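Let me begin by presenting the structure, written as structure tokens, before commenting on it.
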Amino acid sequence: MRVGVLALQGGVAEHILALRGASHKLGLACEISEVRTNEDMQNLDALILPGGESTTIQKLLEREGIFEGIADVPSIFGTCAGAILLSKSIHDAAEGQKSLGLMDLEIERNAYGRQAESFERHLETKLGKINAVFIRAPRIRSAGESVSVLAQEGKEILACEQRIGKNYYMAACFHPELSTSLFHGHFLKNSIPSSRSSP
Ligand code: GLN
Numbered sequence: 002m003r004v005g006v007l008a009l010q011g012g013v014a015e016h017i018l019a020l021r022g023a024s025h026k027l028g029l030a031c032e033i034s035e036v037r038t039n040e041d042m043q044n045l046d047a048l049i050l051p052g053g054e055s056t057t058i059q060k061l062l063e064r065e066g067i068f069e070g071i072a073d074v075p076s077i078f079g080t081c082a083g084a085i086l087l088s089k090s091i092h093d094a095a096e097g098q099k100s101l102g103l104m105d106l107e108i109e110r111n112a113y114g115r116q117a118e119s120f121e122r123h124l125e126t127k128l129g130k131i132n133a134v135f136i137r138a139p140r141i142r143s144a145g146e147s148v149s150v151l152a153q154e155g156k157e158i159l160a161c162e163q164r165i166g167k168n169y170y171m172a173a174c175f176h177p178e179l180s181t182s183l184f185h186g187h188f189l190k191n192s193i194p195s196s197r198s199s200p
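Spelled out as structure tokens, the structure:
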């Protein structure tokens with residue numbers, strides 16, 4: 002299975018480590034690579050869009066001419082800024098900001114305050130107990146009916162997944178790569194080509 006991590010900006014190395022840990026635990030043979038060009042994206046089964054700064058990542062994607070090509074990857078996991086990029090609509094978007102619009106989410110940037118107000122929280126998620134790290138995190142304001150919750154606090158969705166035909170998407174407002182490989186494991190299991198082609 003071929004898994005890429007977008008490596009134009011943001012937390013790349015931590016995702017690679019979490020993917021390695023998860024694939025090892027699952028006994029899945031994964032070829033993990035950093036993605037910077039359209040060529041790097043060819044034949045990927047899955048792609049991670051890391052956290053960082055969504056407006057910067059968008060500009061770099063456009064500069065490298067790979068913004069459009071991302072939608073061809075069948076399985077995508079966006080964390081933090083990556084979740085913003087995956088969403089259908091961005092509340093309070095910066096001027097000229099756009100997203101890939103692949104996941105049925107409305108998301109609000111920087112909804113929990115500034116960098117200095119970043120925090121950690123113990124969460125009981127569908128995948129197990131984790132310590133979730135929020136860094137200038139976005140908030141999911143609304144989600145479409147076919148979006149399933151993976152982690153929430155009260156009514157607030159903090160991580161979720163959506164299957165659209167043969168495509169599989171996952172988004173987290175926090176940074177799972179900093180504290181757990183559970184989310185990467187779930188992503189890999191749902192991105193196995195045979196699991197995608199099943200009805
Ligand atoms: N606030 C950032 C943005 O809007 C996201 C922060 C992060 O990825 N940790 O893109």
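Per the working numbering: the sequence shown = residues 2 to 200.
Every residue gets a Cβ at the ideal spot worked out from N, C-alpha and C, and that includes glycine.
Every value quoted in this text rests on a predicted model; they were computed, and no experiment measured them.
Threshold first: 3 residues or longer. Then list the beta strand (DSSP E) segments lying entirely within the segment 122-196, N to C.
As far as the segment 122-196 is concerned, its whole beta strand (DSSP E) runs of at least 3 residues are 129-135, 140-144, 148-154, 157-165 and 168-173.
Just to confirm before moving on: does the CB-CB distance between Ser-182 and Ala-19 stay below 7 Å?
As a first step, residue 182 is located in the sequence shown; it is residue number 181 there, counting from the start. As a first step, residue 19 is located in the sequence shown; it is residue number 18 there, counting from the start. The criterion of a C-beta distance shorter than 7 Å is satisfied by Ser-182 and Ala-19.
Residue from Arg-137, Glu-63 and Ala-172 whose Cα sits closest to the Cα of Phe-188:
The count along the sequence shown starts at 1 and reaches residue 188 at position 187. Closest by alpha carbon: Ala-172.
Do Gly-53 and Gln-10 have their CB atoms nearer than 7 Å?
By 1-based counting over the sequence shown, the position of residue 53 is 52. By 1-based counting over the sequence shown, the position of residue 10 is 9. Yes. Within cutoff.
Going along the chain, which residues put their C-beta within less than 6 Å of some heavy atom in ligand 1?
Selection output, chain order preserved: Gly-52, Gly-53, Glu-54, Ser-55, Cys-81, Ala-82, Ile-85, Arg-110, Asn-111, Ile-136 and Arg-137.
With DSSP collapsed to three states, give me the class of Met-2.
The residue given as residue 2 occupies position 1 in the sequence shown. Here DSSP, grouped into helix, strand and coil, assigns Met-2 to coil.
Per DSSP, Ile-71 is paired with what?
Here residue 71 corresponds to residue number 70 of the sequence shown, with the count starting at 1. None; Ile-71 has no bridge partner.
What span of residues does the beta strand (DSSP E) with Leu-62 cover, start to end?
Residue numbering aside, residue 62 sits at position 61 when the sequence shown is read from its first letter. Note, Leu-62: premise wrong, no beta strand (DSSP E); alpha helix (DSSP H) at 55-64.
Count the other C-beta atoms from every protein chain shown that fall within 10 angstroms of the C-beta of His-25, then say buried if there are 16 or more, exposed otherwise.
Here the question's residue 25 lines up with position 24 in the sequence shown. Looking at its Cβ environment, which holds fewer than 16 other Cβ atoms inside 10 Å, His-25 is exposed.
Between Lys-99, Val-6, Asn-132 and Ala-117, which has its C-alpha nearest Ala-47's C-alpha?
Counted from its first residue, the sequence shown places residue 47 at position 46. Looking only at Lys-99, Val-6, Asn-132 and Ala-117, the smallest Cα-Cα distance to Ala-47 is reached by Val-6.
Unbroken alpha helix (DSSP H) run spanning Gly-79, endpoints
Position 78 of the sequence shown, counting from 1, holds the residue named residue 79. Secondary structure note for Gly-79: it is in no alpha helix (DSSP H), and the uninterrupted beta strand (DSSP E) holding it is 76-80.
Please name the residue, chosen from Ala-72, Ile-85 and Asn-132, that lies closest to Asn-168 on a Cα-to-Cα basis.
Translated into the one-based positions of the sequence shown, residue 168 becomes position 167. Closest by alpha carbon: Ala-72.
Exposure label - Asp-93; buried when at least 16 CB within 10 Å:
Residue mapping note: residue 93 aligns to position 92 of the sequence shown, counting from 1. Under this definition Asp-93 is an exposed residue.
Please report how far the alpha carbon of Ser-199 lies from the alpha carbon of Ile-131, in whole angstroms.
By 1-based counting over the sequence shown, the position of residue 199 is 198. By 1-based counting over the sequence shown, the position of residue 131 is 130. Any answer about Ser-199 is weak, because its pLDDT of 49 lies below 50 and its placement is not dependable; what the coordinates show is given next. The alpha-carbon atoms of Ser-199 and Ile-131 are separated by roughly 30 Å.
Does the distance from the C-beta atom of Lys-14 to that of Val-36 stay below 7 Å?
As a working mapping, residue 14 is identified with position 13 in the sequence shown. As a working mapping, residue 36 is identified with position 35 in the sequence shown. Lys is not the amino acid found at residue 14; the sequence shown has Ala there. Between Ala-14 and Val-36, the CB-CB gap reaches or exceeds 7 Å.
By alpha-carbon positions, which one of Gln-153, Lys-156, Arg-115 and His-185 ends up nearest to Ile-136?
Residue numbering aside, residue 136 sits at position 135 when the sequence shown is read from its first letter. Of the candidates Gln-153, Lys-156, Arg-115 and His-185, the residue whose Cα lies closest to the Cα of Ile-136 is Arg-115.
If we ignore side chains and look at the alpha-carbon of each, how far apart do Lys-190 and Glu-63 end up?
In the sequence shown, the residue the question calls residue 190 occupies position 189. In the sequence shown, the residue the question calls residue 63 occupies position 62. Their Cα atoms are separated by approximately 30 Å.
Tell me whether the beta-carbon of His-16 lies closer than 7 Å to the beta-carbon of Ile-49.
Residue numbering aside, residue 16 sits at position 15 when the sequence shown is read from its first letter. Residue numbering aside, residue 49 sits at position 48 when the sequence shown is read from its first letter. For His-16 and Ile-49, yes; Cβs fall inside 7 Å.
Residues near Lys-127 by beta carbon distance below 6 Å, same chain, minus five either side
Looking up residue 127 in the sequence shown gives position 126. For Lys-127, the CB contacts under 6 Å within the same chain, skipping 5 residues up- and downstream, are Leu-151 in chain order.
Collapsed DSSP secondary structure at Glu-35 in the structure displayed:
Locating residue 35 in the sequence shown gives position 34, where the first residue counts as 1. Shown here, Glu-35 sits in a strand according to DSSP, grouped into three states.
Go ahead and pull the three-state DSSP assignment for Lys-89.
By one-based count along the sequence shown, residue 89 stands at place 88. Strand at Lys-89.
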